[in-house]
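Worksheet for the structure shown next.
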Amino acid sequence: MDQRVERPGLPLADLVATVMEGYADRPALGERATEPATDPDTGRTTLRLLARFDTLTYGELWDRVGAETSEWRHHPVPGRACGRSATGPAAVENVAVEQRRGGDDNRGLTALPPPVAPRARGRG
7 MDQRVERPGL PLADLVATVM EGYADRPALG ERATEPATDP DTGRTTLRLL
57 ARFDTLTYGE LWDRVGAETS EWRHHPVPGR ACGRSATGPA AVENVAVEQR
107 RGGDDNRGLT ALPPPVAPRA RGRG
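In terms of the numbering used here, the sequence shown has 115 at position 109, counting the first letter as 1, and numbering is strictly consecutive.
Written out as structure tokens, the structure reads:
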């Protein structure tokens, strides 16, 4: 993987695709699992945190990125600026939207852990 992503001149979109496809079976994102819980006294329903995380692999994330990209490309909405993500709470769905943007703007990549360990630098 290291050699594939360190090629000089590799466009960002190709680098992202290489990483996403190369690590397709590995967990990329996780969020705390929840379930609705209704207070019997007030009737108010809130989300109760569970003792597990629901995860999404790089492959599943990449599939969502592709679906989002296709939707935005083939069903444009007046006033929706491509290249600008929706706002909202941090969640797995928002990472897919951020990742979809690609191009030279790599802000969407910051939500992902670095999949390739940095190389050790030689003494010089």
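Note that beta-carbon positions come from the ideal geometry of N, C-alpha and C, so glycine has one too.
Within the segment 51-75, ranges of the beta strand (DSSP E) (whole runs, at least 3 residues) | 51-63
Residues near residue 24 by beta carbon distance below 7 Å, same chain, minus five either side = 10 and 11
Residues that DSSP places opposite residue 42 in a beta bridge | 53
Roughly how many angstroms lie between the CA atoms of residue 129 and residue 38, to the nearest whole one?
-> Because the pLDDT of residue 129 is 45, which lies under 50, any placement of that residue in the model is unreliable, and the number read from its coordinates should be weighed accordingly. Spanning the two alpha carbons is a distance of roughly 43 Å.
Would you tell me roughly how many angstroms separate the C-alpha atoms of residue 83 and residue 77, rounded to the nearest one?
-> 10 Å
What are the partner residues of residue 35, as DSSP defines its beta bridges?
-> 62
Is residue 30 helix, strand or coil by DSSP?
-> coil
Where do the ends of the alpha helix (DSSP H) carrying residue 11 lie?
-> 8-11
Cut-off 6 Å between Cβ atoms - residues of its own chain near residue 51, not counting five sequence neighbours on either side = 42 and 44
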